[in-house]
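In my numbering, the protein residues as written are 79 to 252.
The C-beta atom is built at its ideal place from N, Cα and C for all residues, glycine as well.
For reference, the structure discussed in these notes is given below.
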Amino acid sequence: MPTFLVYFSITTNRKGAPDSMLIVDTILIILLVGVDQFIKHAVVANIVLGGEHPLIPGVLSLTHLRNNGAAWSILQGQMWFFAVIAVVALGIMGYFFWQYRRDQNHRLEELGLALMMAGTIGNFIDRLTQGYVVDMFQLDFINFPIFNFADSCLTVGVILIAIGVYLADRREAK
Numbered sequence: 079m080p081t082f083l084v085y086f087s088i089t090t091n092r093k094g095a096p097d098s099m100l101i102v103d104t105i106l107i108i109l110l111v112g113v114d115q116f117i118k119h120a121v122v123a124n125i126v127l128g129g130e131h132p133l134i135p136g137v138l139s140l141t142h143l144r145n146n147g148a149a150w151s152i153l154q155g156q157m158w159f160f161a162v163i164a165v166v167a168l169g170i171m172g173y174f175f176w177q178y179r180r181d182q183n184h185r186l187e188e189l190g191l192a193l194m195m196a197g198t199i200g201n202f203i204d205r206l207t208q209g210y211v212v213d214m215f216q217l218d219f220i221n222f223p224i225f226n227f228a229d230s231c232l233t234v235g236v237i238l239i240a241i242g243v244y245l246a247d248r249r250e251a252k
């Protein structure tokens with residue numbers, strides 16, 4: 079069974095075991111941060127800075143890039159700003175994560191927040207330890223910023239939250 083389906087099948091019955099989902103979510107966050115850091119270390123170890131390695135020709139390449147800003151390298155060198163934003167964002171996400179845990183009808187939002195927390199932590203680790211974020215995924219078919227696994231977690235997390243909120247609104251409207 080795909081991991082995604084296992085995740086949701088475990089979460090459908092919360093009666094009597096509310097703490098078990100906190101453990102599952104915590105493990106998910108740790109695993110995603112671990113995958114992010116592993117990919118970044120592999121890219122740094124195997125691709126020279128600025129070097130490129132095609133994965134799917136014309137579609138996706140690995141490009142070793144250091145980014146001390148945000149997407150499109152905006153706010154370059156503003157380490158303090160990103161540190162404050164990360165800490166505040168993690169606090170806000172943690173609050174909403176805890177609130178969503180009270181209601182099993184918000185599992186999608188809870189999963190989205192777990193992904194967003196993992197992405198925030200992954201990039202925060204880079205900024206604290208290196209002063210920049212390692213980016214590597216380059217979409218070859220469009221002009222788009224080079225990004226990393228943590229950025230993908232953030233993006234998918236936002237999408238899941240948007241879908242969850244939409245579905246919750248539809249449920250409440252009925």
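- For the pair residue 98 and residue 216, the CB atoms are not nearer than the 8 Å cut-off.
- Residue pairing from DSSP places residue 141 in a beta bridge opposite 130.
- Residue 193 is not a Cβ neighbour of residue 245, given a cutoff of 8 Å.
- Beta-carbon to beta-carbon, residue 231 and residue 143 are separated by about 18 Å, too far to satisfy the 8 Å threshold.
- Excluding residues up to 5 positions away in sequence, 103, 188, 191, 192, 195 lie with their Cβ nearer than 8 Å to the Cβ of residue 175 in the same chain.
- Checking the DSSP bridge columns, you'll see residue 225 partnered with 215.
- Separation of residue 121 and residue 214 (C-alpha to C-alpha, rounded to the nearest whole angstrom) is 7 Å.
- Following the DSSP letters along the chain, one finds residue 192 inside the alpha helix (DSSP H) bounded by residues 185-208.
- A buried status is given to residue 178, since no fewer than 16 other beta-carbon atoms sit within 10 Å of its beta-carbon.
- Going by C-alpha positions, residue 224 is about 42 Å away from residue 252.
- Excluding sequence positions up to five before and after residue 199, its CB lies within less than 6 Å of the CB of 111, all in the same chain and listed in chain order.
- Within its own chain, the residues whose Cβ lies closer than 6 Å to the Cβ of residue 129, once the five positions on either side in sequence are excluded, are 142, listed in chain order.
- Sixteen is the threshold: since fewer than 16 other Cβ atoms of the shown chains lie within 10 Å of the Cβ of residue 240, the residue is exposed.
- In this structure, the straight-line span from the alpha carbon of residue 158 to that of residue 133 is close to 35 Å.
- Nearest to residue 108 by C-alpha distance, out of 228, 119, 184, is 228.
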